[in-house]
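Accompanying notes for the structure given below.
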Amino acid sequence: PTFMSALLAAARAASRRVVSHHRRDATPLTTLRRMSTYPPHMELPMPALSPTMTQGNIARWKVKEGDEIRAGDSVAEIETDKATMEFESQEDGFLAKIVVGDGAQNVPVGAIVAVMVEDKEHVSAFAGYVAPAAAAAGSTPAPAPGKASSSSASPSVETGGRMWPSVRRLLAESGIDPSTITPTGPRGMLVKGDVLAAMGLCAAPVPSPSAAAAEKPSTTNAKPSTSPTASRQPPTPEDDSENWEDLPVTSIRRVIASRLLESKTKTPHEFVTAEVSLASVALLRAALKANDVRASVNDCVLYAAARALRASPKVNAKWDDARAAAVTDPDVDVAVAVATDGGLITPIVRRADTKTLTEIGDEVRELAGRARKGGLKPNEFTGGSFSVSNLGMFPVDQFSAILNPPQGAIMAVGRGVDKIKIDETTGELFDEPTMSVTVSADARVADAADVARFLEAFREVIEQPAEAWATGA
Numbered sequence: 003p004t005f006m007s008a009l010l011a012a013a014r015a016a017s018r019r020v021v022s023h024h025r026r027d028a029t030p031l032t033t034l035r036r037m038s039t040y041p042p043h044m045e046l047p048m049p050a051l052s053p054t055m056t057q058g059n060i061a062r063w064k065v066k067e068g069d070e071i072r073a074g075d076s077v078a079e080i081e082t083d084k085a086t087m088e089f090e091s092q093e094d095g096f097l098a099k100i101v102v103g104d105g106a107q108n109v110p111v112g113a114i115v116a117v118m119v120e121d122k123e124h125v126s127a128f129a130g131y132v133a134p135a136a137a138a139a140g141s142t143p144a145p146a147p148g149k150a151s152s153s154s155a156s157p158s159v160e161t162g163g164r165m166w167p168s169v170r171r172l173l174a175e176s177g178i179d180p181s182t183i184t185p186t187g188p189r190g191m192l193v194k195g196d197v198l199a200a201m202g203l204c205a206a207p208v209p210s211p212s213a214a215a216a217e218k219p220s221t222t223n224a225k226p227s228t229s230p231t232a233s234r235q236p237p238t239p240e241d242d243s244e245n246w247e248d249l250p251v252t253s254i255r256r257v258i259a260s261r262l263l264e265s266k267t268k269t270p271h272e273f274v275t276a277e278v279s280l281a282s283v284a285l286l287r288a289a290l291k292a293n294d295v296r297a298s299v300n301d302c303v304l305y306a307a308a309r310a311l312r313a314s315p316k317v318n319a320k321w322d323d324a325r326a327a328a329v330t331d332p333d334v335d336v337a338v339a340v341a342t343d344g345g346l347i348t349p350i351v352r353r354a355d356t357k358t359l360t361e362i363g364d365e366v367r368e369l370a371g372r373a374r375k376g377g378l379k380p381n382e383f384t385g386g387s388f389s390v391s392n393l394g395m396f397p398v399d400q401f402s403a404i405l406n407p408p409q410g411a412i413m414a415v416g417r418g419v420d421k422i423k424i425d426e427t428t429g430e431l432f433d434e435p436t437m438s439v440t441v442s443a444d445a446r447v448a449d450a451a452d453v454a455r456f457l458e459a460f461r462e463v464i465e466q467p468a469e470a471w472a473t474g475a
């Protein structure tokens, strides 16, 4: 018994050593095998260039394979969910391989987009480099916008089409592009036999009736019906597929849609509207114009909103999900909605309540100009305690804006229109330029009475005499 016990103990110990050795060495062996294939190198992942960025588009590479790169050099332009930004190298070296080329869309953050090496003679070793499937997922370049294909074209399958998991696994292992294979399964589905046939391992399967019907029209020689019902059938409309084209959705518009949907469905909105007089603003602008000083109605709105927010801390606040409470912002940072070709972006005028009218106007024009060119930095459009969306330059009298979380309020500004008023002293009628503003507020942050008090303060500032404004002129 003693001998047998010792023998069993030795066997168990040997088994544990084998299992432990296998577990300890499995990953390093895989890594060594991969590292031994290529010289020492560094893989460059898609960076997160904004706090909300989960994927991005590569607008263009600014360097070519083989080029020398210094730390801090801009190597590519990346379209984020907010703007087009520079991708800067963090190391010195040479660009050995561009894994994801110009125009690639929806590349996940962290996916490998390029490879760098320290020595130039190692560049040629990466000519056939292929990034790991997991790291390069989603980095397929988007097709260039063009005319839509005709509906009569033969069916094809895209990567995200309907197929069984076993078919997807076979495609991944073989490396065959599914769009190059004609499906023969029901309703145009790609089946395993299609992939095996493309690999040359079997004969092409016979198309199912539904797939065959999709590939070619029926050739049955049927006599035309002479029934009254058939004769009254409306003519088949002509194929107008050449009269439209698909336009890609920008990352900014995709994020805007997602965030606005989330805001509208999860944030309790309340709306308060007021009318204010622009008579004082008109006199102020005329006086400034005589001195060659530029001031728009939007500048005056931002000036008045900033002063009103300083007097209304409950409106100058945010909703903190982590604490499930409203948090007053210590600074008055006003975000201004700016329309760009890619979508809406909101650059921020920091501490707007401390700035003069001309300072606010100059800063807004400078920020808006860079926003339309995609040149804003993340800190210039991230945060803010309050937003202003102005459609006064369009024939829009009034509208309601959707909140921009976590901000607690946003003000929508309509155009100025002349309205007939009655002089309370003389009873005479007169025209006065007026403007409608609507504040959308998070009911968890401020109630309707708080918003009403803010609008009262806003009216007092924007209707004050011209000489009371801090113009800075």
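Sequential numbering from 3 applies to the sequence shown in the numbering used here. We put the CB at the ideal spot given by N, CA and C, even for glycine.
Query raised in the report: What's the call for Gly416, buried or exposed, on a 16-neighbour Cβ count within 10 Å?
Result: buried
Query - Backbone secondary structure at His271 - three-state DSSP - result: strand
Query - Collapsed DSSP secondary structure at Lys66 in the structure displayed - result: coil
Query raised in the report: In its own chain, which residues sit with a C-beta less than 6 Å from the C-beta of Glu93, not counting the 5 before and 5 after it?
Result: Ala73
Query - Of the residues Ile100, Phe96, Gly130 and Ala129, the one placed nearest Asp121, counting alpha carbons only - result: Phe96
Query raised in the report: Would you call the segment 270 to 282 and the segment 455 to 471 in contact, with 3 or more CB pairs under 8 Å?
Result: Touching, yes.
Query - Residue from Asn59, Val283 and Glu70 whose Cα sits closest to the Cα of Thr436 - result: Nearest of Asn59, Val283 and Glu70 to Thr436, Cα basis: Val283.
Query - Buried or exposed (CB count within 10 angstroms, at least 16 for buried), Thr473 - result: buried
**Report entry** Rounded C-alpha distance that separates Ala411 from Gly345
**Finding:** 21 Å
Requested in this report: Tell me whether Asp399 sits in a helix, a strand or coil according to DSSP, three-state version.
Outcome: coil
Query raised in the report: So who's on the other strand from Gly418, going by DSSP bridges?
Result: Met437
Query raised in the report: Does DSSP put Leu97 in a helix, a strand or coil?
Result: If DSSP states are grouped into helix, strand and coil, Leu97 belongs with the strands.
**Report entry** Limits of the beta strand (DSSP E) - the one that Asn300 falls within
**Finding:** No beta strand (DSSP E) holds Asn300; the alpha helix (DSSP H) holding it covers Val299 to Arg312.
Requested in this report: With DSSP collapsed to three states, give me the class of Gly103.
Outcome: If DSSP states are grouped into helix, strand and coil, Gly103 belongs with coil.
Query raised in the report: For Asp444, does the three-state DSSP call read helix, strand or coil?
Result: strand
Query - Residue environment, Thr330, which counts as buried when at least 16 other CB atoms sit within 10 Å - result: exposed
Query raised in the report: Which value, in whole angstroms, describes the spacing of the CA atoms of Thr428 and Trp471?
Result: About 29 Å.
Report task. Measure the Cβ-Cβ separation of Asp335 and Ile350 and say whether it is below 7 Å. Result -> Yes; because the gap between Cβ atoms is below 7 Å, this pair is in contact.
Query raised in the report: Hey, Glu430 and Lys421 are a contact pair by Cβ (cut 8 Å); roughly how many whole angstroms apart?
Result: In this structure, Glu430 and Lys421 do not form a Cβ contact; the two beta carbons are roughly 15 Å apart against a cut-off of 8 Å.
Query raised in the report: Of the choices Tyr305, Pro134 and Ala414, whose alpha-carbon is the least far from that of Gln466?
Result: Tyr305
Query raised in the report: So is the beta-carbon of Asp399 under 6 Å away from any non-hydrogen atom of the ligand GTP?
Result: Within the structure as shown, the ligand GTP is missing, as the structure has no ligands at all.
Query raised in the report: Measuring CB to CB, does Thr60 end up less than 7 Å from Ser91?
Result: It should be noted that the sequence gives Ile, not Thr, for residue 60. No, they are not a contact pair.
Query raised in the report: At what residues does the alpha helix (DSSP H) containing Val453 begin and finish?
Result: Ala450 to Ile464
Query raised in the report: If we ignore side chains and look at the alpha-carbon of each, how far apart do Thr32 and Tyr40 end up?
Result: For Thr32, the predicted structure reports a pLDDT of 33, less than 50, and the residue's modelled location is therefore unreliable. A value from the coordinates is still provided. When rounded, the distance between both Cα atoms is 13 Å.
**Report entry** Phe388 - partner residues in DSSP beta bridges
**Finding:** Val336
**Report entry** Nearest-angstrom Cβ-Cβ length linking Asp452 and Lys316, presumed shorter than 8 Å
**Finding:** 4 Å
Query - Rounded separation between Gly112 and Met55 - CA only - result: 11 Å
Query raised in the report: Below 7 Å between beta carbons: does that hold for Ala133 and Val169?
Result: no
Query raised in the report: Do you know how far the Cα of Lys379 is from the Cα of Pro42?
Result: 34 Å
Query raised in the report: Can you tell me whether DSSP reads Ser500 as helix, strand or coil?
Result: An answer regarding residue 500 cannot be provided, because it is not within the stretch 3 to 475 covered by the chain.
Query raised in the report: From Pro145 to Gln107, what distance separates their C-alpha atoms?
Result: Note that Pro145 has pLDDT 43, beneath the 50 cutoff, so the model's placement of it is unreliable and the number below is only indicative. Each residue's Cα considered, the two are about 9 Å apart.
Report task. In the DSSP assignment, find the beta strand (DSSP E) that holds Ala319 and state where it starts and stops. Result -> Its beta strand (DSSP E) spans residues Ala319 to Asp322.
**Report entry** Local conformation of Lys194 per DSSP, three classes
**Finding:** In the three-state reduction of the DSSP assignment, Lys194 falls in the helix class, which pools H, G and I.
Query raised in the report: Grouping DSSP H, G and I as helix and E and B as strand, with all else coil, what is Ile183?
Result: coil
Query raised in the report: What is the DSSP secondary structure of Gly376, reduced to helix, strand or coil?
Result: Gly376 falls in the coil class under three-state DSSP.
Query raised in the report: Of the residues Asp69, Asp75, Pro110 and Ser76, which one's Cα is nearest the Cα of Val119?
Result: Asp69
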